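Below you'll find the structure, written out as structure tokens, and then a few comments.
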Ligand code: PMP
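Numbering (the numbering used here), first residue to last: 197 to 524.
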């Protein structure tokens, strides 16, 4: 669909996945006026598809667009576009119940102008791909590399919205992580480079204590980390499972101290793509330490199961998080 000043949004249309033809002077290309979302549709055990929390993704998309001085897409239009795509694609998508459909809505400024100003025309489109879990379907742990050289986000910047320009500056740190044999960058706050924030495409959780007394801890939203839809889901599920959910400003050094003292023995990353992925090791300024025994812990696995049961319609869904696409 296209947006033009004065006219608003055009009617949407469905096309096969194809190349885009854009002008080389397009504002989105030069100045990064690009916002996007990433969400999933899952197959329920009864065979039907459910889209995971599309209204929450729509609300975040509106925030991202507003932050980039882009027009807001009505929430109902966002959800209807996804419903239509899932319905249209259903026949051609994998019927393997373990496979999900990854849905990528994106909006960008299409105006041709090298002037530094917001675009006056926009395009919104949605793509869908068959996907397994981010790190494969098995529960495998990941290692993280604390970046002390680069920052992902700054106060007053765009770290708490989902815009394309947040990601390219992280690629160099991701290379450093890989050179240190880690899969993910662990981002720290930009001001002091002490406090835990998140990973490249996922939020961070730590587990303090054990069993029913465990606290499920995640860095507090400071305006520089993305409020993940999975993050908020995990906070709710943690309480439902009887743990205490805590949002806390916690430093990397404190995390290590609590790990060394045996107070924290689990950590995990979560996100639409990553689901719940245990964290086994941390590389920090050349030293490597292990979280707990380095294996996926019981609290992590309980939360992962609670989440994936909801994804597949295997557990009661009192908040109707799994949305049934309305008819074609
Ligand atoms: N942080 C960042 C930087 C991300 O890109 C993502 C993926 N959208 C997340 C966290 C996790 O968010 P969500 O649970 O909404 O996928």
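Glycine included, each C-beta is placed from N, C-alpha and C at the ideal position. Just so we're clear, the structure is a prediction, and the values are computed from it rather than from any experiment.
Taking 8 Å as the cut-off, the Cβ atoms of residue 487 and residue 495 do not count as close.
Setting aside the 5 residues that flank it on each side, residue 357 is surrounded in the same chain by 259, 260 and 263, each with a C-beta closer than 6 Å to its C-beta; the list follows chain order. Under DSSP, residue 324 shares a beta bridge with 299. Within the model, the alpha-carbon separation for residue 359 versus residue 268 is close to 14 Å. When rounded, the separation of the alpha-carbon atoms in residue 403 and residue 438 is 13 Å.
When DSSP reads this structure, residue 335 sits in no beta bridge, so it has no partner.
Taking the Cα of residue 324 as reference, the smallest distance to any Cα among 352, 247 and 305 is reached at 247. Between residue 354 and residue 421, the alpha-carbon positions lie close to 9 Å from each other. Residue environment analysis places residue 210 among the exposed positions, since fewer than 16 neighbouring C-beta atoms fall within 10 angstroms of its C-beta.
Scanning 387, 461, 237 and 206 for the CA closest to the CA of residue 351 turns up 387. Under the DSSP definition of a beta bridge, residue 443 partners with 414.
Its chain contains 509 as the residues whose beta carbon lies nearer than 7 Å to that of residue 242, once the 5 sequence neighbours on both sides are disregarded; these appear in chain order.
Residue 246: member of the beta strand (DSSP E) spanning 245–248, first to last residue. The closest heavy atom of the ligand PMP lies 7 Å or more from the beta carbon of residue 443. Between the ligand PMP and residue 396, a heavy atom-to-CB distance of less than 7 Å is present. Considering only 427, 249 and 376, the residue with the shortest C-alpha distance to residue 513 is 249.
Excluding five sequence positions before and after residue 218, none of the CB atoms of its chain fall closer than 6 Å to its own CB. Residues 337, 464, 492 and 496 of the same chain have their beta carbon placed closer than 6 Å to that of residue 474, with the five preceding and five following residues left out of the count.
Take the alpha-carbon of residue 415 and the one of residue 400: they are about 7 Å apart. For residue 252, the three-state secondary structure derived from DSSP is helix.
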